[in-house]
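As structure tokens, the structure follows; a few thoughts come after it.
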Amino acid sequence: MKSSLVLASAVFLSVVTVNAQGLPEGTGKSIFENTCGGCHGADIVIGQTGTRDVWQDTVDSMRSRGALGTDDDFKTIVNYLTTYFGVPVNVNSAPAKELVDNLNLTSAEADAIVKARTAAKIKDYAELSKVQGLDIKKLDPIKNRIKF
Numbered sequence: 647m648k649s650s651l652v653l654a655s656a657v658f659l660s661v662v663t664v665n666a667q668g669l670p671e672g673t674g675k676s677i678f679e680n681t682c683g684g685c686h687g688a689d690i691v692i693g694q695t696g697t698r699d700v701w702q703d704t705v706d707s708m709r710s711r712g713a714l715g716t717d718d719d720f721k722t723i724v725n726y727l728t729t730y731f732g733v734p735v736n737v738n739s740a741p742a743k744e745l746v747d748n749l750n751l752t753s754a755e756a757d758a759i760v761k762a763r764t765a766a767k768i769k770d771y772a773e774l775s776k777v778q779g780l781d782i783k784k785l786d787p788i789k790n791r792i793k794f
């Protein structure tokens, strides 16, 4: 019996470790793990994508089912999920609001992209990095979601 309990604990811990390792590093990861990990593993979001509205609805649903955290915790979780598990965004066609909502840009940064693409289509990430008023470093971790 004791060895079964030890084995079960080891399996559980290895699953938790694997799930945590699958999450990208970033602001909100630890809050996601602490708040959401009490009910499910990280595998529930790995491989999923959603818009800010989808992730907000999901977090609201979890909250209504008893997930514990502060308003700031849940806002941070939505930002984390939107950033790292968001939908692909085409910077040449997405409205400014979509750039703000799904790439976590400021309104000024989104407007700078819209202004730049009005002059000429943005061809690639290197060209996007030259947009005046855009902090490209904040997009580096999610550049695989950016389409041209």
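Using the numbering used here, the first residue of the sequence shown is number 647, and each one after it goes up by one. Just so you know, even glycine gets a beta-carbon here, dropped at the ideal spot from N, CA and C. These numbers were taken from a predicted model, which means no experiment stands behind them.
Between L745 and V737 a beta carbon distance of about 7 Å is seen, short of the 8 Å cut, so the two are scored as contacting. Judged by beta-carbon spacing, T695 lies beyond the 8 Å limit of F720, meaning their Cβ atoms are not closer than that value. Non-local C-beta neighbours of F678 in its own chain, meaning closer than 6 Å and more than five positions away in sequence, comprise I723, Y726, ordered along the chain. If you look at T681, you'll find it in the alpha helix (DSSP H) that goes 675 to 682.
Within the same chain, T722, I723, N725, Y726 come within 7 Å of G674 by CB-CB distance, once the 5 residues on both sides are set aside.
Distances from the alpha-carbon of T728 to those of K767, D703, G684, I782 put D703 closest. If you draw a straight line from the Cα of A765 to the Cα of D747, it comes to about 23 Å.
If you draw a straight line from the Cα of C682 to the Cα of R709, it is about 10 Å long.
Annotation: the continuous alpha helix (DSSP H) that includes A758 extends over 753 to 765. Annotation for A742: S753, A756, D757, I759, V760 place their beta carbon closer than 8 Å to its own, counting only its chain and skipping 5 residues before and after.
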